[in-house]
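Novice:
In my numbering, the protein residues as written are 84 to 325.
Printed below as a string of structure tokens:
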């Protein structure tokens, strides 16, 4: 039976795409859907269906959601055609419009044997803190499981805010890791897939460019970052795998 994991945070800059990439590393057989203004998961193109978001928030509000209904037809159709595990990267300012549409269609998805879960990425940024419980509540009527990853990119989230997320939410944490500047450049270009598949083979080239010592730091930083991101995504990945 197909399982679909929606990864969301309407506030940009939360590190959501890092968690999507980590999930993709945890489940190499999973397909991906990316809903964004522009392609970001380019290294996963062989596993990915991309749907551009065009409707502006103002247009969605002005039309009472009708703009969103037409906007997401392709996404809803792609999810209905799922045959195995699917990871959905829900772009910023998108989940608040998409989740109600999935809720409305949840019975029809259920008749196809499709089950949903939601992963919300949480940071200490006020906008992200405010949005997380909203998304969790929107998904509660149809999600078989709900996950939150506390991304400490801007520092730890206050314990009271984590407690306020309520019962029935599985919490994990991605601790902040300071990356070597060149390591971060490689991460942005190649994603976690590059680290898992190509980094070891690139050591000689890195050493030739940056020297033996810095090449070692780059490899250590990227390897540690991938491992931590995958550990943070592990509870949701386990659900998705079934």
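All C-beta atoms, glycine included, are put in the ideal place defined by N, C-alpha and C.
None of the values given here were measured: they were computed from a predicted structure.
1) At which residue ranges does the region 245–300 contain complete beta strand (DSSP E) runs of 3 or more residues, listed in the order of the chain?
2) Am I right that residue 232 and residue 257 are in contact with their C-beta atoms under 8 Å? What's the rounded C-beta distance?
3) Could you spell out the range, first to last residue, of the beta strand (DSSP E) harbouring residue 132?
4) Leaving out the 5 sequence neighbours to the left and right, which residues in its chain are closer than 8 Å to residue 121 when beta-carbon positions are compared?
5) Starting from the C-beta of residue 119, find all residues in its chain whose C-beta is less than 6 Å away, skip the five residues before and the five after it, and write them out in chain order.
6) Please identify the residue among 183, 226, 88 and 109 whose C-alpha is closest to the C-alpha of residue 170.
7) Which term fits residue 295, buried or exposed, when burial requires 16 or more other beta carbons within 10 angstroms of its beta carbon?
8) For residue 202 and residue 130, I'd like the C-alpha separation in whole angstroms.
9) Under 8 Å: do the region 242–252 and the region 100–116 share three or more Cβ pairs, one atom per stretch?
10) Within the chosen definition, does the region 233–240 reach the region 181–189 through at least 3 CB pairs nearer than 8 Å?
11) Quick one: give me the first and last residue of the alpha helix (DSSP H) that residue 163 is part of.
12) At 4 residues or longer, and completely inside the region 188–225: list those alpha helix (DSSP H) runs for me, N to C.
13) Buried or exposed for residue 117, going by 16 or more other Cβ atoms inside 10 Å?
14) Could you tell me whether the Cβ atoms of residue 195 and residue 163 are closer together than 8 Å?
15) Could you check if residue 214 is buried or exposed, using at least 16 other CB atoms within 10 Å of its CB as the buried criterion?
16) In the structure shown, what three-state DSSP assignment does residue 227 receive?
17) When DSSP builds the beta bridges, which residues end up paired with residue 91?
18) Pick out whichever of 219, 158, 193 and 306 has its Cα sitting closest to the Cα of residue 92.
19) In whole angstroms, what separates the C-alpha of residue 94 from that of residue 206?
20) Using the beta-carbon count (16 or more within 10 Å), is residue 154 buried or exposed?
21) What does residue 236 pair with, by DSSP beta-bridge criteria?
22) Determine the DSSP secondary structure at residue 110, reduced to helix, strand or coil.
Specialist: A quick look at the data gives this:
1) 252–257
2) 6 Å
3) 131–135
4) 135
5) 174
6) 88
7) exposed
8) 20 Å
9) no
10) no
11) 156–163
12) 189–194 and 209–222
13) buried
14) yes
15) buried
16) strand
17) 203
18) 219
19) 10 Å
20) buried
21) 238
22) coil
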